[in-house]
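Residue numbers (full-length UniProt numbering): 1 to 185.
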């Protein structure tokens with residue numbers, strides 16, 4: 001469990017999904033590391049292979065820089081106090097990373113999850129209400145399979161959604177009619 005102000009271990013998470021602040025050795029972090037990892041997994045699902053496939057921690061950082069570009073001094077300081085000079089590498093456009101036909105909303109949500117500065121990444125509930133996931137809240141989904149129950153949040157999870165707009169979008173008033181009817185979920 002993450003406790004604010006309490007140090008944690010920096011060596012956590014499989015390398016391909018490790019947030020840059022962990023690569024820099026940060027021991028104080030938040031669930032923003034999980035948002036980063038989720039963005040990596042979503043990217044892998046679209047591409048068919050890991051987005052950042054480094055062979056070691058340094059190589060992992062190089063792979064991240066190849067996509068996001070060189071972090072600024074301020075971005076590095078937000079992840080860890082020590083700053084090292086990096087070669088200047090421009091960011092790579094998401095449209096060139098993902099296959100042709102990748103939904104714009106998919107690229108948008110991933111680009112907002114894979115951000116150097118942890119506090120600038122989408123929060124977990126902001127990811128849930130991103131337009132990419134609107135189809136899951138649609139009254140009549142366009143697909144033939146039932147959607148598993150997605151909207152039974154705990155009180156603690158709902159309290160984390162302080163913004164009323166997030167709450168309203170998170171729990172649609174009318175759930176899809178096929179919701180929960182498929183026992184394969």
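For every residue, glycine included, the Cβ atom is placed at its ideal position computed from N, Cα and C.
{"Check": "Is it buried or exposed, residue 79, if we count other Cβ atoms within 10 angstroms and call 16 or more buried?", "Outcome": "buried"}
{"Check": "Alpha carbon to alpha carbon, what distance is there between residue 125 and residue 116?", "Outcome": "19 Å"}
{"Check": "If you measure between the beta carbons of residue 166 and residue 109, is that distance less than 8 Å?", "Outcome": "no"}
{"Check": "Go through the UniProt domain \"Protein kinase\" (1-133) residue by residue and report every complete run of the alpha helix (DSSP H) that reaches 4 residues or more, in order.", "Outcome": "20-23, 32-47, 57-68, 73-79, 94-97, 104-113, 124-128"}
{"Check": "Taking all protein chains shown into account, do 16 or more other C-beta atoms lie within 10 angstroms of the C-beta of residue 161, making it buried, or fewer, making it exposed?", "Outcome": "buried"}
{"Check": "Please classify residue 68 as buried or exposed, where buried requires at least 16 neighbouring CB atoms within 10 angstroms.", "Outcome": "buried"}
{"Check": "Out of 134, 114, 131, state which residue places its alpha-carbon closest to the alpha-carbon of residue 75.", "Outcome": "114"}
{"Check": "For residue 104, count the other beta carbons within 10 Å of its own beta carbon; 16 or more makes it buried, fewer makes it exposed. Which is it?", "Outcome": "exposed"}
{"Check": "Return the chain-ordered list of same chain residues with a C-beta closer than 6 Å to the C-beta of residue 46, the five sequence neighbours on each side being excluded.", "Outcome": "98, 102"}
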